[in-house]
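Heads up: the sequence shown begins at 83 in our numbering, then just goes up one per residue.
Quick notes on the structure that follows.
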Amino acid sequence: SLGIVVLCVVWNLMQRFSDRKQFQYFICHHKAAAAAQARLLKIKLQGLDSSSTVFIDSDNLQHLDTLFDIVRTNVENLVVYLT
Numbered sequence: 083s084l085g086i087v088v089l090c091v092v093w094n095l096m097q098r099f100s101d102r103k104q105f106q107y108f109i110c111h112h113k114a115a116a117a118a119q120a121r122l123l124k125i126k127l128q129g130l131d132s133s134s135t136v137f138i139d140s141d142n143l144q145h146l147d148t149l150f151d152i153v154r155t156n157v158e159n160l161v162v163y164l165t
C-alpha cells in the first residue's frame, strides 16, 4: 500500500513537470522594423530542435484576446525582439 502511494506521488510529479506547452517559443516584435529578422529567428529556433514549436505574434492578429490567452497559458519562453 505504501508502494502504491509513492508510485502515485511520483507519477503525479512527473506529469506536472513534464507537461509541455503548446509553443516552446513566442516571438514578439515590431512588425515594420523586424519582421524579416523575427522570421529568421523562428527558422533558427526550429532548426535547433525539430520538435520545437515557435509562434510569432503577427501569425494571428485577428483575435487579440486569443493571442493574449495563448501567451499567458501555452508558451514556455517569451522572446521580445527589441529593435
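We put the CB at the ideal spot given by N, CA and C, even for glycine.
Note that the coordinates shown come from a computational prediction; the quantities given were computed from them, not determined experimentally.
Within-8 Å CB hit, residue i to chain C
| i | result |
| --- | --- |
| residue 85 | The structure shown contains no chain C; it is built from a single protein chain. |
C-alpha gap between residue i and residue j, whole angstroms
| i | j | result |
| --- | --- | --- |
| residue 109 | residue 91 | 36 Å |
| residue 165 | residue 127 | 19 Å |
| residue 113 | residue 140 | 7 Å |
| residue 149 | residue 88 | 39 Å |
| residue 115 | residue 138 | 14 Å |
| residue 130 | residue 111 | 21 Å |
| residue 146 | residue 136 | 18 Å |
Paired residues, beta bridge with residue i - DSSP
| i | result |
| --- | --- |
| residue 111 | 163 |
| residue 138 | 109 |
| residue 91 | None, per the DSSP bridge assignment. |
| residue 157 | 105 |
Where residue i falls, given that 16 or more other Cβ within 10 Å makes a residue buried
| i | result |
| --- | --- |
| residue 162 | exposed |
| residue 118 | exposed |
Would you call the segment 101 to 115 in contact with the segment 155 to 163, where contact means no fewer than 3 C-beta pairs closer than 8 Å? yes
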